[in-house]
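For the sequence shown, counting from 1, position 43 maps to 58 in the numbering used here; every step adds exactly one.
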Amino acid sequence: MHSSSQSPAGWRLTTNDGSLLEEIAAPDHSGRSLLREAADTLGLSARGYHRTLRVARTLADLDGEDCVARIHIAEALSYRGETLRRAQAAA
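Spelled out as structure tokens, the structure:
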């Protein structure tokens, strides 16, 4: 059984469809840079990377934006909360 969600544009995402997620949630250049930096600095797993993209895509949808921007990535990362604080404290 796969959980799924549907964006306003009509795309259905299953939890196992990373390539589709990468396509429809592709951030702009500055958002991609932030996400890569966060992935390296915080040691995000592939799952953490994709979860962040999924949340960022949802935030962009709520803002009525077609593209995931840096602000959406930053907000999605901020919701990682305790996980981020622990990683930063360990560094």
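Cβ atoms here follow ideal geometry from the backbone N, Cα and C, with glycine treated the same way.
As the structure is a computational prediction, the values presented were derived from the model and not from experiment.
Cutting at 6 Å between CB atoms, please list the residues of its own chain near Ala75, excluding the five before and the five after it. Val83, His87
Straight-line gap, Ile39 to Gly58 (C-alpha atoms, nearest Å): 24 Å
Here's the rule I'm using: 16 or more other beta-carbon atoms within 10 Å means buried, otherwise exposed. How should Arg62 be labelled? exposed
Determine whether the beta carbon atoms of Ala91 and Thr67 lie at a separation below 8 Å. yes
For a quick check, are the C-beta atoms of Ser45 and Arg85 less than 8 Å apart? Contact flag set, yes.
Bridge partner(s) assigned by DSSP for Val83: Val83 is bridged to Pro42.
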